[in-house]
Amino acid sequence: MSRNKNLTVDLKDFQSASGVPESVIPELNDLIRNSEYFRYMGEHSETAKLEREFAKIVGTKYALALNSCSSAIFISLKCFQIDVCSNVLMPAFTFAAVPSAIVHAGGKPVLVEVGDNYRVDLEDFKSKMDKDIKAVLISHMRGHTSDMKFISELCIERKTPLIEDAAHSLGATLSGKNVGTYGDVGCYSFQSYKLINGGEGGMLVTNDEELYAKAVIMSGAYESSWKKHPFESKYFEKYQNKIPVYNMRMNNVSALLIRTQLDSIQERAKIGRDKVNELTEYLTVSPFIDFPKKLNEEVQAPDSLQFNLVGFSEIEACKLLDKVREEGVSLNIFGLQEGNARAFWNWEFIDNIPSLPKTEKMLKKACDIRVPLNFESKQIKKVAQVILQSIDFVKSNN
Ligand SMILES: *Cc1c(COP(=O)(O)O)cnc(C)c1O
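For the record, in the sequence shown the residue sitting at position 53 is 56 according to my numbering, with numbers rising by one throughout.
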C-alpha cells in the first residue's frame with residue numbers, strides 16, 4: 004500500500020509563483036517584436052511608466068526601478084556615503100542579500116537581535132544605536148514588520164539615515180501607512196517569489212529629491228539619460244559625472260511584466276492573508292506550536308507562514324522536518340537547515356560574526372512554510388494534517 008495514495012501536495016507545489024494575466028500577452032508580444040527592451044530606448048519606456056505608477060501606489064514623490072531589491076539597498080547605502088568602516092545597523096534575521104549589500108557598499112554590518120516574534124528587538128536596537136552607526140537598515144523579514152514608529156523616531160532624533168528593506172512587504176501597511184515608506188528610502192523586490200513577479204527587479208522609493216537624483220545617476224543614467232526618468236530634479240546636473248554609475252537599471256521587459264500585475268496588489272495581499280489564516284487556524288490547536296503576535300496596527304501581505312515549535316529538542320525538530328518532507332510538505336526551520344541563507348552564522352563573508360543568543364534560539368525553532376496563492380483549501384488542509392500528524396509521530400516515538 005502506498006503511503007502517498009491520498010497525497011494532494013507535492014514538494015514542487017510550494018515553488019509556484021503568480022504571473023501576468025493572459026490578457027496582457029498581446030502587449031508583451033508587441034514589446035518583444037519592437038526590440039525596445041532597454042529603458043533609455045524610445046520616448047515613454049515601460050520602465051518610466053512603471054516608476055510613475057509605482058510612486059503613486061505607495062505614495063512617495065519618487066520611484067526608481069532597478070534590477071533587484073539588493074541593488075536598491077546598495078544604491079541607498081551609497082547615497083548616504085556608506086563607505087569603508089561605516090557601521091550599518093541591521094536585524095540579524097534576514098536574507099543574506101541584505102548584509103551582502105552593506106559589504107558590497109564597503110560598510111560593516113552590525114547585527115541587532117531579533118525576538119521570538121521575528122521583529123527587531125527594540126532594547127538591543129537602542130543599545131547598539133551609538134554614534135558610530137552611520138545608517139540603519141531595517142529588513143521586514145517574511146513581511147513581519149518591525150516597530151517603525153519607534154525606530155524612525157530614534158533615527159530622526161539621532162539624525163541617522165533609515166533605509167527600509169520592504170522586499171516582502173508590498174501591499175502591507177502599518178497604521179494605515181505603506182510599509183517601505185517609513186524610512187528615508189524604501190526598497191522593494193519583484194523577484195519571482197515576491198508578491199509581484201518580474202523574474203527579477205527592484206524599486207527604490209523616496210521623498211528626497213537630492214537622494215533621488217543621486218540614485219538615478221548611480222543606477223546608470225550616463226550622459227543625460229536622467230531626462231528619460233519620469234520625475235524632475237534640480238540635482239541631476241550637479242551629480243552627473245561626479246558620482247559613479249553602477250548600471251543596475253531595470254529593463255523594459257521586466258517593467259511590463261511588473262506593470263501588468265500592479266492592479267492585483269490588493270487582491271493578492273488579501274488572498275495571501277486568507278490562505279495563511281486558513282493554515283494558521285488548523286495548526287493553532289497544537290500545544291507544540293506557537294504563533295507570535297502581530298503588531299496591532301499591522302496588515303500583512305504574506306505568502307508564507309512562520310511559527311515556533313514549543314517543547315521540541317533539536318533532534319526532534321529534525322525528525323519532524325524529515326517526516327513532513329517525506330509527505331511532500333516543504334517545511335524548513337531557518338536555523339536547522341544546513342547553510343540556510345537566513346541564519347546569520349552562515350554569513351561567513353562578515354568579519355567577526357557576533358554571538359546573538361536570542362536570535363539563534365528563535366532561528367532554531369522557527370518554522371517556515373510557503374503558502375502559494377494558488378493553493379486550494381484542500382491542499383491547505385492536507386498540509387495542516389501532515390504537520391499535525393508528524394508532530395504526533397515524533398512525540399509518540401520518544
Ligand atoms: C527577496 C528579499 C531580498 C532580496 O531581493 P532581490 O530582489 O532578490 O535582491 C531582500 N530582503 C528580503 C527581506 C527579501 O525577502
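Where is the CB? At the ideal position from N, CA and C, for every residue including glycine.
Since the structure is predicted, the reported quantities are computational estimates derived from the model, not experimental observations.
Output yes if chain C places a C-beta closer than 7 Å to the C-beta of residue i; else output no.
i, result
"serine 307", "Note that chain C does not occur in the displayed structure, where there is just one protein chain."
In whole angstroms, give me the CA-to-CA distance for residue i and residue j.
i, j, result
"glutamate 213", "glutamate 235", "11 Å"
"phenylalanine 352", "serine 103", "8 Å"
"leucine 149", "valine 12", "Note on residue identity: the sequence assigns serine, not leucine, to residue 149. About 33 Å."
"proline 94", "asparagine 181", "20 Å"
"glutamate 300", "glutamate 226", "45 Å"
"asparagine 210", "leucine 259", "24 Å"
"histidine 171", "aspartate 133", "28 Å"
"valine 248", "alanine 224", "7 Å"
"isoleucine 292", "glutamate 284", "11 Å"
"alanine 216", "methionine 206", "14 Å"
"isoleucine 246", "tyrosine 238", "12 Å"
"lysine 8", "glutamate 330", "Residue confidence is low: lysine 8 scores 49 on pLDDT, short of 50, so the model does not pin down where it sits. Its coordinate-derived value is still stated next. Answer to the nearest angstrom: the Cα atoms are 11 Å apart."
"valine 106", "leucine 92", "12 Å"
"threonine 287", "arginine 373", "17 Å"
"serine 19", "aspartate 135", "43 Å"
"alanine 169", "methionine 144", "8 Å"
"proline 164", "lysine 111", "15 Å"
"methionine 251", "valine 113", "26 Å"
"glycine 338", "arginine 122", "16 Å"
"threonine 97", "lysine 197", "15 Å"
"aspartate 127", "lysine 385", "40 Å"
"asparagine 377", "asparagine 244", "47 Å"
"serine 142", "glutamine 269", "21 Å"
"serine 155", "glycine 183", "12 Å"
"methionine 253", "asparagine 400", "53 Å"
"valine 397", "asparagine 311", "16 Å"
"serine 48", "arginine 36", "15 Å"
"threonine 263", "proline 233", "18 Å"
"alanine 51", "glycine 179", "27 Å"
Which residue comes first and which comes last in the beta strand (DSSP E) that contains residue i?
i, result
"glutamate 167", "165-168"
"valine 139", "136-142"
"leucine 67", "65-69"
"leucine 173", "It is not in any beta strand (DSSP E) - leucine 173 carries neither H nor E in the DSSP assignment."
"aspartate 371", "369-373"
"isoleucine 336", "334-336"
Please list the terminal residues of the continuous alpha helix (DSSP H) segment that includes residue i.
i, result
"lysine 381", "380-399"
"leucine 53", "49-61"
"asparagine 37", "28-37"
"leucine 157", "151-161"
"leucine 366", "360-366"
Using only CA atoms, which one of the options lies nearest to residue i?
i, options, result
"serine 289", "Gly189, Gly183, Leu391, Lys180", "Leu391"
"serine 192", "Gly338, Gly186, Gly202, Lys398", "Gly202"
"cysteine 88", "Ile246, Gly109, Pro375", "Gly109"
"glutamate 167", "Ile136, Val188, Leu177", "Val188"
"aspartate 395", "Lys64, Ser26, Ser71, Lys326", "Lys326"
"leucine 366", "Ala169, Phe347, Pro357, Phe57", "Phe347"
"lysine 129", "Val101, Cys158, Gly146", "Cys158"
"alanine 66", "Leu53, Ile85, Ser73", "Leu53"
"serine 21", "Ile274, His107, Ile383", "Ile274"
"glutamine 303", "Glu116, Asp135, Ala175, Asp127", "Ala175"
"valine 256", "Ala68, Gly62, Lys322", "Ala68"
"serine 195", "Leu339, Ala320, Cys321, Cys72", "Cys72"
"leucine 125", "Ile261, Lys361, Ala100", "Lys361"
"aspartate 119", "Lys297, Asp277, Ile372", "Lys297"
"isoleucine 76", "Ala320, Gly204, Asp127", "Gly204"
"lysine 137", "Ser380, Glu341, Arg161, Asn335", "Arg161"
"leucine 324", "Leu334, Glu317, Ser316", "Leu334"
"serine 228", "Val61, Phe41, Asn343", "Phe41"
"arginine 62", "Gly186, Val139, Ser48", "The sequence shown places glycine at residue 62, rather than the arginine named in the question. Of the candidates Gly186, Val139, Ser48, the one whose C-alpha sits nearest the C-alpha of glycine 62 is Gly186."
"valine 208", "Ile60, Glu39, Val27", "Ile60"
"proline 295", "Lys278, Leu359, Val313", "Val313"
"leucine 345", "Ala272, His147, Ala99", "In the sequence under discussion, the amino acid at residue 345 is arginine, which differs from the leucine named in the question. Minimum Cα distance to arginine 345 is reached at Ala99."
"glutamate 116", "Val389, Pro357, Pro375", "Pro357"
Return the chain-ordered ranges of every beta strand (DSSP E) run that is complete within the stretch 279-326 and spans a minimum of 3 residues. 307-312
Jot down the residue ranges of each uninterrupted alpha helix (DSSP H) in the stretch 79-132, minimum 4 residues, whole runs only, in chain order. 100-108, 125-131
Starting from the N-terminal side, write out each stretch of the alpha helix (DSSP H) that is 4 residues or longer and does not extend beyond the stretch 183-266. 212-223, 239-242, 255-262
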